[in-house]
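Down below is the structure, laid out as structure tokens.
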Amino acid sequence: MLRQLAVISFISIAATLVLSLPSLHRSKRWEEFPNVTFTFDCTDRPIGFYADQEFNCQIFHMCDEDGRRIPYMCANDTGFNQEFRICDWAYNFDCPSADQWFYLNELTYVTDPPKEYQ
């Protein structure tokens, strides 16, 4: 009887602790940053992902086939590594030279098949 009471007490305390924990932190969406202004322009750029050097590569943009820009933000303390097109630790890439890797998007998103397949 005493053992059952101890188990029930333990479960009650554990459940209370778990329920009192704060909810998991979620990433903010761009709708929650109404005052951010971007100067990055997707006009005449190939479809792809582009580091925004103005924001120290913490923000990157996806340019679609219609020239629209869709901004994204890398997670805590990371930035967009343009060479590999991933969010990465800042010591793994050089943000000021990110634009040297923009051409890689031309190689990735080809809209027409090569002539030998037509």
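In terms of mature numbering (1 follows the signal peptide of the UniProt record, and there is no 0), the sequence shown is residues -20 to -1, 1 to 98.
C-beta: ideal position from N, C-alpha, C; glycine also.
All figures in this text were calculated on a predicted structure; none of them were measured in a lab.
- Of the residues I27, M53, G47, D44, the one placed nearest E34, counting alpha carbons only: Within the sequence shown, residue 34 is the residue found at index 54, counting from 1. Looking at the Cα atoms, M53 is the closest of the given residues.
- Straight-line gap, T88 to T17 (C-alpha atoms, nearest Å): Numbered from its first residue, the sequence shown carries residue 88 at position 108. Numbered from its first residue, the sequence shown carries residue 17 at position 37. Computed Cα separation, rounded: 28 Å.
- Query: Roughly how many angstroms separate the alpha carbons of residue 121 and E96, rounded to a whole number?
  - Reply: Here the chain covers residues -20 to 98 and nothing more, so residue 121 does not appear.
- T88: first and last residue of the uninterrupted beta strand (DSSP E) it sits in: Here residue 88 is taken as the residue at index 108 of the sequence shown, counted from 1. Premise fails: T88 lies in the alpha helix (DSSP H), 84 to 88, not in any beta strand (DSSP E).
- Give me the Cβ distance between R49 and F73, rounded to the nearest whole Å; I'm assuming they're in contact under 8 Å. Numbered from its first residue, the sequence shown carries residue 49 at position 69. Numbered from its first residue, the sequence shown carries residue 73 at position 93. In fact, because the Cβ distance is near 21 Å, the residues do not count as touching under 8 Å.
- Below 8 Å on the Cβ atoms is my guess for A70 versus A31; work out the distance and round it to an integer in Å. Here residue 70 refers to the residue found at position 90 of the sequence shown. Here residue 31 refers to the residue found at position 51 of the sequence shown. That pair is no contact at about 12 Å.
- Candidates D57, Q38, T58, F29, of which the one nearest G47 by Cα: Within the sequence shown, numbered from 1, the residue matching residue 47 stands at position 67. The option with the nearest alpha carbon to G47 is F29.
- Message: Cutting at 8 Å between CB atoms, please list the residues of its own chain near E86, excluding the five before and the five after it.
- Response: If you number the sequence shown from 1, residue 86 lands on position 106. Around E86: P26, G28.
- Which value, in whole angstroms, describes the spacing of the CA atoms of I39 and D92? In the sequence shown, residue 39 corresponds to position 59, counting from 1. In the sequence shown, residue 92 corresponds to position 112, counting from 1. If you draw a straight line from the Cα of I39 to the Cα of D92, it comes to about 29 Å.
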